[in-house]
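Sequences listed follow chains A and B, in order. Under this note's numbering, the residues of the first sequence are numbered 47 to 211, in order. Under this note's numbering, the residues of the second sequence are numbered 5 to 721, in order.
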Amino acid sequence: MNEFDTQKDKYITFKSGNEYYGIKIEYVNEIIVYQEITEIPESEDYIKGLINLRGKIIPVVDVRLRFKQKPIEYNDRTCIIVLNVNDIVVGLIVEQIAEVVEIQEENILPPPSIHNTDKVQNIFVQAIGKVGDSVKLLLDPDKLLNDDDLTVLEKVNDENEVEGE
Amino acid sequence: MAEGFNTEGMLDVYLFENGQLLEQLQEIVLEQKDEECFDEDSINEIFRTMHTIKGSSGVMMFENITAVSHKLEDVFFYLRESHPQNVPHMELVEHVLEVADFITNEMDKLQNGQQADGDATEILASIDKFLNSIKGGKREKEKIIEKNVHEEPKQFYLAPMATDASRFYKIYLTYQPDIQLANVHAYKIVYSLKEIAEDLLFYPEDILTNESSAEEILENGFKILLQAQASEEELREIMQEGYDLKKVDIYECTGNEFLQGFDSFGSEIRIDLESSVEEIEAKAEAEEGKEKAKEKSKEKPIAPGDFVIESKGPGKAKKLAKDNPKKTEKTSFISVDVNKMDKLMDLIGELVISESVVLQNPDLKVPGLRLDNFHKAAGQMAKISTDLQNVIMSMRMVPLTNTFQKMNRIIFDVSRKLGKDVEFEMVGEHTEVDKNIIEHISDPLMHLVRNAVDHGIESNEERAAKGKTEKGKVTLSAKTESGKVWISVKDNGAGLDRDKILAKARKQGILDYTRDDNSYTDKEVYQFITLPGFSTNEKVTEYSGRGVGMDVVVSNLQSVGGSLEIESTPGQGSVMNLKIPLTLAIIDGIVMEVGNSSFVIETGVVKEFVGIRDNRLVQEPNGEEFIMIRGEGYPVLRLGEWYDLKDYKADTEDGMLVLVEVEKKTICLLVDRLLGKQEIVVKPIPEYVKKVKGLSGCTQLGDGSIALILDAAGLVE
Chain A
47 MNEFDTQKDK YITFKSGNEY YGIKIEYVNE IIVYQEITEI PESEDYIKGL
97 INLRGKIIPV VDVRLRFKQK PIEYNDRTCI IVLNVNDIVV GLIVEQIAEV
147 VEIQEENILP PPSIHNTDKV QNIFVQAIGK VGDSVKLLLD PDKLLNDDDL
197 TVLEKVNDEN EVEGE
Chain B
5 MAEGFNTEGM LDVYLFENGQ LLEQLQEIVL EQKDEECFDE DSINEIFRTM
55 HTIKGSSGVM MFENITAVSH KLEDVFFYLR ESHPQNVPHM ELVEHVLEVA
105 DFITNEMDKL QNGQQADGDA TEILASIDKF LNSIKGGKRE KEKIIEKNVH
155 EEPKQFYLAP MATDASRFYK IYLTYQPDIQ LANVHAYKIV YSLKEIAEDL
205 LFYPEDILTN ESSAEEILEN GFKILLQAQA SEEELREIMQ EGYDLKKVDI
255 YECTGNEFLQ GFDSFGSEIR IDLESSVEEI EAKAEAEEGK EKAKEKSKEK
305 PIAPGDFVIE SKGPGKAKKL AKDNPKKTEK TSFISVDVNK MDKLMDLIGE
355 LVISESVVLQ NPDLKVPGLR LDNFHKAAGQ MAKISTDLQN VIMSMRMVPL
405 TNTFQKMNRI IFDVSRKLGK DVEFEMVGEH TEVDKNIIEH ISDPLMHLVR
455 NAVDHGIESN EERAAKGKTE KGKVTLSAKT ESGKVWISVK DNGAGLDRDK
505 ILAKARKQGI LDYTRDDNSY TDKEVYQFIT LPGFSTNEKV TEYSGRGVGM
555 DVVVSNLQSV GGSLEIESTP GQGSVMNLKI PLTLAIIDGI VMEVGNSSFV
605 IETGVVKEFV GIRDNRLVQE PNGEEFIMIR GEGYPVLRLG EWYDLKDYKA
655 DTEDGMLVLV EVEKKTICLL VDRLLGKQEI VVKPIPEYVK KVKGLSGCTQ
705 LGDGSIALIL DAAGLVE
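Structure representation (structure tokens):
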């Protein structure tokens, strides 16, 4: 119980493009440096492949591709955040890890309406967190990893880039 | 005992241990169900099993289980000590199984957090009846004798092997008044005294058969007359005053007093003093004679209520009527949490990787280094880690014996209920299969075996009418061949009725109307019975006929990569062949490289490797390619193209063709190069990634990189 208390309201933030994103720290197993990825043929393009995490093979997702942003070259700042969402362990490739911040509930706002924008990332954004002057986009890890919301995404974007199961 | 005692941790252990004991018990029982009687080892084993279960259940305060196991223990105690003749063996087998089922059932309840509240009275009563019946008329006579204590001294002697050093003792045991099952406690003492006793008698002597003797012991104490070479201290050592024994009184006495028996203890039994000495001595002699006779033929007539405790004569093996020399060596097992095993496997995998990191460390490449000793040590280390890998892999392999034994039980039950006379035979039950797979095939096997007995084998009358002389028989066999386990369930029953199946299939609209009935091969027709909702049995029985079953069998098998083939000869029976991969965890594979990716394919399906010198590929207009090898054309699959990989060698002359044969179909895979052959640990592709056609898993190679495992069957499609 104590553990949850200390993790409460804490978010790990990372930078992707110009925005900072946050994920609740309780979903995060660990952060590792980028390592060689084995590609899996015929899989969704945002699934970069598999990595060997100390004997455990886990899939990795490139967050930029997931957001339908242009991929960038990986460099030595590229990190993999290992997430555990409902026992599904997935690595998330991010450009750069920022920091761990504490965002109180009163500073969390509902996400902007989906209709005003055609940006895909909105369906992944659960809420907006204010930290001082800056704003972090708080992600819903479940949506981030799973394609259940694909229909919504397709409706919104009317595009077929992502192949569902 | 301790109320409110925390039994939670103990419950797990209790359930686990007794579960195993019961499994063993059934195994023993079924192994000898067709014999005339149990052999001595089995009787002892069953007795011990029941004793252990009784003991632990007592501690856990599961009274019904305690009572039932106690009752069965009584039966086997009687069998063990009195060697009765003409025990209805089948009835006994049923009683044992009944008890085992009862306890299993209760334990299931406990496992699910319920109370063990099953009603044991019926079982107790039936076993009681059985026990009385095997004791036969003797029992009644005994009762009469009990009433007429004065007429016949109730002392039963073994040949006293008195030597000068022998001493005679009268022992008087007083139990704590609140002790449960005092008779059992008393028996424990008798049992341990037996080890040293030259002669031993006790009162009340019906401690194990008569529940009420417990009260008598509590009231009047338990009396033992003992002739032994042990000193009083040694005796006290055996009968330690403890939580159960309140007081132990030991009096040394003379041989004469000894022969006078219990009367000097008190007035409960009065013995006709005048006749006793001669009579007893005569009796003792007679017993001695009998003892010798017994060694030759085991047909010792047992006197009424004769409760002989045999002293351990030198070289005298106790034997029952049936001497069964077959004694299977029991391997001792320790059960380990599968998660720990997986963890160990992962760790070993990592060890292998770090090993290669060390051995191929760039630091070693510095010119001018002398590495002779390093390489020697490295070689040794590599050997050990290979051994380690082999051990962990073999640890996952479990013989099919247990699974087969369970089937034995099913056949026994079903055939008894259906009144069919069915024999069971196991072949190759020691074949080892990965534990995960065993878990998956247990249910399918059960269905098949049930079907075989229920549908396959005809009733006794039908068999007689058909002139089949031999008994109905179900054969379960297992063998390993070309990296697969083949399990077959064979019966010598009626076989499948092709016409009936076809008719039924037509009714259900499965048949293709454009095809003639005769155009269906037998195999195709038999395959219909694996479709959901398909049963040719007219009437639904307790065991089968609802049409669920075969489709479940097939889907279960498919989930572990297995398949089912059906063969049948009308009138002679049918064979269900299950083909199952040996293991899901480790396969022997060929590692190959295409572009930047590594792939592994199971060695078993690879027919040959062909290097192509000149361009012998034939391209069809639709883009499909063929290659002619020794006059035969095989389709070619360019892996790099197929999976849209980067940097693969487009020129076939640079690559290597791998001929893969699955179920008589052959294709050629074009890969860049072969890396080698190795045992690989199969890991599933994480579920998060959707299933890719032709890939069955992934694995970690020695250098820590990941290779994808090709599913040959999927590729051939």
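Ideal Cβ positions, reconstructed from N, Cα and C, are used throughout, including at glycine.
Buried/exposed call for residue i, threshold 16 Cβ in 10 Å
i: B:T70; result: buried
i: B:T390; result: exposed
i: B:D658; result: exposed
i: B:M54; result: buried
i: B:E40; result: exposed
i: B:T473; result: exposed
i: B:E49; result: buried
i: B:R413; result: buried
i: B:K421; result: exposed
i: B:Y638; result: buried
i: B:S572; result: buried
i: B:Q119; result: exposed
i: A:N214; result: In the structure as shown, chain A starts at 47 and stops at 211, and residue 214 of chain A therefore has no counterpart that could be examined.
i: B:F51; result: buried
i: B:P371; result: exposed
Short Cβ contact (8 Å threshold) for residue i with residue j
i: B:I591; j: B:V564; result: no
i: B:A190; j: B:F134; result: no
i: A:Y67; j: A:V147; result: no
i: A:N192; j: A:K176; result: no
i: B:P690; j: A:I103; result: yes
i: A:T84; j: B:S709; result: yes
i: B:Y18; j: B:M65; result: no
i: B:D651; j: B:N600; result: yes
i: B:L500; j: B:M411; result: no
i: B:L177; j: B:V252; result: yes
i: A:V109; j: A:S62; result: yes
i: A:V107; j: A:K94; result: yes
i: B:I633; j: B:V609; result: no
i: B:V640; j: B:E624; result: no
i: B:V666; j: B:L673; result: no
i: B:K58; j: B:S46; result: no
i: B:E597; j: B:V720; result: no
Chain B residues whose Cβ lies nearer than 9 Å to that of residue i
i: A:N228; result: As displayed, chain A neither begins before 47 nor continues past 211, which places residue 228 of chain A out of reach and without an answer.
i: A:I93; result: Y692, V693, K694
Reduced DSSP secondary structure (H/G/I, E/B, other) of residue i
i: B:E691; result: coil
i: A:Y57; result: strand
i: B:E21; result: helix
i: A:I71; result: helix
i: B:Y207; result: strand
i: B:D253; result: strand
i: B:M102; result: One point to set straight first is that residue 102 of chain B is Glu, not Met, in the sequence displayed. It is helical.
i: B:P366; result: helix
i: B:L229; result: strand
i: B:G372; result: coil
Cross-chain neighbours of residue i in chain B, by beta carbon under 8 Å
i: A:K102; result: D350
i: A:E134; result: Here residue 134 of chain A turns out to be Ile, not Glu, going by the sequence shown. Within chain B, the residues near A:I134 are P690, E691, Y692.
i: A:L191; result: Y692
Contacts that residue i makes with chain B (C-beta to C-beta distance below 7 Å)
i: A:P87; result: Y647, D648, L649, V696
i: A:P105; result: P690, Y692, V693
Contact list for residue i against chain A, beta-carbon separation under 8 Å
i: B:K344; result: Here the premise fails: no neighbours, minimum Cβ distance about 14 Å.
i: B:Q682; result: In chain order: nothing, as chain A lies at least about 16 Å away.
Amino acids of chain A, ordered along the chain, whose beta-carbon sits closer than 9 Å to that of residue i
i: B:C702; result: T84, I86, L96, I103
i: B:I631; result: Per Cβ cutoff of 9 Å: no residues; B:I631 is ~23 Å from chain A at best.
Chain A contact residues for residue i, given Cβ-Cβ distances below 7 Å
i: B:K37; result: Residues of chain A passing the Cβ test: none, with the nearest at roughly 46 Å.
i: B:I710; result: T84, L96, N98, I103
**OP:** Mind listing, in chain order, the continuous beta strand (DSSP E) runs of no fewer than 3 residues lying wholly within the segment 482 to 521 of chain B?
**Re:** Fully enclosed beta strand (DSSP E) runs of 3 or longer: 488 to 495.
Original post:
Taking only runs of the alpha helix (DSSP H) that begin and end inside the segment 103 to 160 of chain A, which ones reach a length of at least 4 residues, in chain order?
Top reply: Whole alpha helix (DSSP H) segments, 4+ residues: 109 to 112.
Original post:
Could you give the uninterrupted runs of the alpha helix (DSSP H) lying entirely in the segment 404 to 491 of chain B, keeping only those of 4 residues or more?
Top reply: For secondary structure counted as the alpha helix (DSSP H) over 4 or more consecutive residues, the segment 404 to 491 of chain B holds these complete runs in sequence order: 405 to 422, 439 to 455, 464 to 470.
Original post:
Taking the runs of the beta strand (DSSP E) that are 3 residues or longer, which of them lie wholly in the segment 27 to 72 of chain B?
Top reply: Within the segment 27 to 72 of chain B, no complete beta strand (DSSP E) run reaches 3 residues.
Subject >> 3-residue-minimum beta strand (DSSP E) runs that sit fully inside the segment 553 to 584 of chain B, ordered along the chain >> reply: Those beta strand (DSSP E) runs which fall completely within the segment 553 to 584 of chain B and span 3+ residues are 567 to 573.
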